[in-house]
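Heads up, the thing below is written out as structure tokens.
2 protein chains.
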Amino acid sequence: MKEVARISAEKLKSFVKAALLKAGVRNDVAGYVTEGLIQTSLRGVDSHGVRLLPHYLEALKGGRINPDPNYKFKKTSLSTGIFDADHAFGHAAGMEAAKRAIELANESGTGHIAVYNSSHFGAAAYYALEVAHHDMIGMCFTNTDALVKSFAGKRPFLGNNPICFAAPCENEGPFCLDMATSKLTFNKIKQLGENGMLVPAGVGTNTEGVETRNPNEITALLPIGGHKGYGLSMIVEILCSMLTGMPYGPHVPKMFEAPMSEKRCLGHYISAVRIDCFQTKENFKKRLSSFMEELRSEPALDKNVPVQVAGDPEKKCARERSGQGIPFAPAEYEAFKKIALEYGIKFLGVSELNDTDNKKDREKSSRIF
Amino acid sequence: MKEVARISAEKLKSFVKAALLKAGVRNDVAGYVTEGLIQTSLRGVDSHGVRLLPHYLEALKGGRINPDPNYKFKKTSLSTGIFDADHAFGHAAGMEAAKRAIELANESGTGHIAVYNSSHFGAAAYYALEVAHHDMIGMCFTNTDALVKSFAGKRPFLGNNPICFAAPCENEGPFCLDMATSKLTFNKIKQLGENGMLVPAGVGTNTEGVETRNPNEITALLPIGGHKGYGLSMIVEILCSMLTGMPYGPHVPKMFEAPMSEKRCLGHYISAVRIDCFQTKENFKKRLSSFMEELRSEPALDKNVPVQVAGDPEKKCARERSGQGIPFAPAEYEAFKKIALEYGIKFLGVSELNDTDNKKDREKSSRIF
Chain B
5 MKEVARISAE KLKSFVKAAL LKAGVRNDVA GYVTEGLIQT SLRGVDSHGV
55 RLLPHYLEAL KGGRINPDPN YKFKKTSLST GIFDADHAFG HAAGMEAAKR
105 AIELANESGT GHIAVYNSSH FGAAAYYALE VAHHDMIGMC FTNTDALVKS
155 FAGKRPFLGN NPICFAAPCE NEGPFCLDMA TSKLTFNKIK QLGENGMLVP
205 AGVGTNTEGV ETRNPNEITA LLPIGGHKGY GLSMIVEILC SMLTGMPYGP
255 HVPKMFEAPM SEKRCLGHYI SAVRIDCFQT KENFKKRLSS FMEELRSEPA
305 LDKNVPVQVA GDPEKKCARE RSGQGIPFAP AEYEAFKKIA LEYGIKFLGV
355 SELNDTDNKK DREKSSRIF
Chain Z
5 MKEVARISAE KLKSFVKAAL LKAGVRNDVA GYVTEGLIQT SLRGVDSHGV
55 RLLPHYLEAL KGGRINPDPN YKFKKTSLST GIFDADHAFG HAAGMEAAKR
105 AIELANESGT GHIAVYNSSH FGAAAYYALE VAHHDMIGMC FTNTDALVKS
155 FAGKRPFLGN NPICFAAPCE NEGPFCLDMA TSKLTFNKIK QLGENGMLVP
205 AGVGTNTEGV ETRNPNEITA LLPIGGHKGY GLSMIVEILC SMLTGMPYGP
255 HVPKMFEAPM SEKRCLGHYI SAVRIDCFQT KENFKKRLSS FMEELRSEPA
305 LDKNVPVQVA GDPEKKCARE RSGQGIPFAP AEYEAFKKIA LEYGIKFLGV
355 SELNDTDNKK DREKSSRIF
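So the sequence lines, in the order shown, correspond to chains B and Z.
Heads up: the first sequence is residues 5 to 373, going by the working numbering.
Heads up: the second sequence is residues 5 to 373, going by the working numbering.
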């Protein structure tokens, strides 16, 4: 990413929360959205991080997102519940649901919450990591709008439905896999197009459903493993649409193309499974860490590219960005300047770059994980 | 598959069960193994069906599998339990665990069982489908021995760890995805080699970890979606090894190469989630069926290859084989003849081919799903 500025996580957090509050978002909701966006940017998942703030502010203005939701939670059995998010920010809905899943798991061993009437919740890892920090296995799923070509079909039907799984380790942050079920994202394809490059084979198709390596012709993504990724995406849809009563695939209003007045009606599914119902926490965490270390020390195909496990690149990035700040691309930087002007918030200038060495900031940021 | 005979599911069921009983397997255990193998062969998943009977009989003789296990089940919370299979057939262990997951779900909304000291359990769909027949979502996982190359690594570490998910539908058998996390299986690669064909790109690597399309050089499988399939495989290992205390990856005794006296110590993880804790069963099943029908009627890329959903090929095969019988390749047929002689069971000859039109047989077989 071409960057014009780096801003410390703490400074950015104040800015994002201030903008949301000025836009009328309730304090608790603004807190969850801010935490989710900053954590995600620190972990290097820029597509789902703070760069979405301008989009969310538009969604608030249009009425798509309810800034002051009236949640309704119903416990439906000893280990399950349903959560009506009242069209809140998905970040708030997801974290409220994760907390209830954790509560149920504390009482009954496991907790499983289906969330309905929700909106975009950013990175699924935010919720699964929260669960893992309670010494539980966290799983989190959401449906999304149609982007991925059905196997043997001509056009997109299902979304890029992500699967996220996190589990606690010894002496390091949780193991965390947070993956879309397509090979590449549209963001990445767009980026290759901007650099005049071809995309790898098997990544996307044109309007006729035929594979193309020209990034400008791609209108549908391809799932990982053909029918396998397509099947995984259906699983996510069953959990997030069939169990929640929310629309599926092509019936889900599109994130960017649908009018900003239209509610997205997304569904999420969040599970917490208590480790100590199966093994002592200590033994589980110790063995998981050994397992990860054993993989990391496997002989590498290319001696300059070590074997990693899911979450390793994000952990490395979070360490680096906690110290160096979160990078901004030119367009994002301009969009944030505009927000600062519009909402009358102190502007985050390049001059603040040097502040990221501030030790107190760094300590606070690193505690996010 | 080159076939020399077709044998009706009912006849084959009697034969398989008789062989297991003669080999000293307890009646209830032999029943589960038989049901699992026959259902799997009917569904067309031949790699995990009746053709494994000779292998299992060897494992019994060697002492790897305990024919008369002393199970120990412990309920560890309102929704969880651990099941010590005492080195039983995985089929019996898996089905006993699935039944306990269903019981817990009836009481508490969901049930989750970690199985330890188990052995090869055949197709994961056998257990997930059983759960789905109780109007619950069934999920089932098992670890296996090292076959799949780690992402960026040189050699296999994790197994071809399968993910299975089943959910009930209206007016047809459950939706069922049962997939290994590699692109192709060794069976399929071997088959291509026997026919003098190259394998598709991105399927396997040689002893140096370098991709090859020569089926005879392939010593490791590649995961679907690169780091994504590798991550999914780790999830399965966390559920089946870290939660159960069983060995992982390269520490798991190999199915065919390890001495038949060696216990495999596999772990499984089986979940049941009651549909009616989220939606009415009727609404869920109706919507899932509409969703599947909508996908099936999507415009196809090739008008001769319709869009399907996970489980469609298996349903079609089961209908066909319930009527026409289960096909035998020459080597399998010879192996079964040997078993008939060794255990003194009435021989299943080609002459029985014509019996498959028997209406009563067909009705019984179709009830398996």
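Ideal Cβ positions, reconstructed from N, Cα and C, are used throughout, including at glycine.
C-beta neighbour in chain B for residue i, strict 7 Å
i, result
"V207 of chain Z", "no"
"A171 of chain Z", "yes"
"V309 of chain Z", "yes"
"P166 of chain Z", "no"
"F295 of chain Z", "yes"
"P303 of chain Z", "yes"
"R68 of chain Z", "no"
"M99 of chain Z", "no"
"M246 of chain Z", "yes"
"L25 of chain Z", "no"
"T216 of chain Z", "no"
"N362 of chain Z", "Confidence is the limiting factor: at N362 of chain Z the pLDDT is only 43, short of 50, which leaves the residue's position unreliable, though a coordinate-based value still follows. Chain B, which has no Cβ nearer than 7 Å to the Cβ of N362 of chain Z, makes this no."
"K232 of chain Z", "yes"
"L82 of chain Z", "yes"
"A344 of chain Z", "no"
"D359 of chain Z", "Confidence in D359 of chain Z is poor, its pLDDT being 44 and thus under 50, which makes the residue's placement unreliable; the coordinate value appears in the next sentence. So, not an interface residue."
"F288 of chain Z", "yes"
Beta-carbon proximity of residue i to residue j, cut-off 7 Å
i, j, result
"A109 of chain Z", "M140 of chain Z", "yes"
"F282 of chain B", "L247 of chain Z", "yes"
"S239 of chain B", "F155 of chain Z", "Per the sequence shown, residue 239 of chain B should be read as Ile rather than Ser. Their beta carbons are not under 7 Å apart, which means I239 of chain B does not touch F155 of chain Z by this criterion."
"M250 of chain B", "G271 of chain B", "yes"
"N165 of chain B", "T185 of chain B", "yes"
"N147 of chain Z", "S245 of chain Z", "yes"
"E215 of chain B", "T209 of chain B", "yes"
"D182 of chain B", "A129 of chain B", "yes"
"C173 of chain Z", "L292 of chain Z", "yes"
"H116 of chain B", "S275 of chain B", "yes"
"A102 of chain Z", "Y131 of chain Z", "yes"
"K158 of chain B", "G200 of chain B", "no"
Which of helix, strand or coil DSSP assigns to residue i
i, result
"E176 of chain Z", "coil"
"A335 of chain Z", "helix"
"E62 of chain Z", "helix"
"Y120 of chain B", "strand"
"C269 of chain B", "coil"
"K6 of chain Z", "coil"
"K368 of chain B", "Unreliable positioning characterises K368 of chain B in this predicted model, as indicated by a pLDDT of 42, which lies under 50. The coordinate reading is nonetheless provided below. If DSSP states are grouped into helix, strand and coil, K368 of chain B belongs with the helices."
"G35 of chain B", "helix"
"E297 of chain B", "helix"
"S186 of chain B", "strand"
"R68 of chain B", "coil"
"F340 of chain B", "helix"
"K350 of chain B", "coil"
"R278 of chain B", "strand"
"I193 of chain B", "helix"
is_contact[residue i, chain Z] using C-beta, thresh 7 Å
i, result
"G229 of chain B", "yes"
"T284 of chain B", "no"
"S237 of chain B", "no"
"E336 of chain B", "no"
"K319 of chain B", "no"
"I242 of chain B", "yes"
"L292 of chain B", "yes"
"F340 of chain B", "no"
Nearest-angstrom Cβ-Cβ length linking residue i and residue j, presumed shorter than 8 Å
i, j, result
"A322 of chain B", "R47 of chain B", "5 Å"
"A97 of chain B", "F77 of chain B", "So it is not a contact: roughly 11 Å between Cβ atoms."
"D149 of chain Z", "M259 of chain Z", "6 Å"
"L24 of chain Z", "T38 of chain Z", "7 Å"
"A118 of chain Z", "I86 of chain Z", "5 Å"
"I106 of chain B", "H91 of chain B", "Wrong, their Cβ atoms sit about 24 Å apart, outside the cutoff."
"G206 of chain B", "L236 of chain B", "Actually they do not touch by this definition, with Cβ atoms about 16 Å apart."
"A27 of chain Z", "Y347 of chain Z", "7 Å"
Partners in chain D for residue i, counting only beta-carbon separations shorter than 7 Å
i, result
"I86 of chain Z", "The structure shown contains no chain D; its protein chains are B and Z."
Exercise. Note down, in chain order, all residues in the stretch 249–270 of chain B with a beta-carbon under 7 Å from any beta-carbon belonging to chain Z.
Key: G249 and Y252
Quiz item: Which residues, in order along the stretch 34–57 of chain Z, keep a beta-carbon less than 9 Å from a beta-carbon of chain B?
Solution: Residues of the stretch 34–57 of chain Z whose Cβ lies closer than 9 Å to any Cβ of chain B: none.
Exercise. For the stretch 108–140 of chain Z, enumerate the residues whose C-beta is nearer than 8 Å to any C-beta of chain B, in chain order.
Key: E111, S112, G113, T114, H116 and A118
Quiz prompt | Interface residues of the stretch 140–161 of chain B facing chain Z [CB-CB below 8 Å] | solution = I141, S154, F155, A156, G157, K158, R159 and F161
Self-check item: Positions along the stretch 181–194 of chain B whose CB lies within less than 7 Å of some CB in chain Z
Solution: L181, M183 and K187
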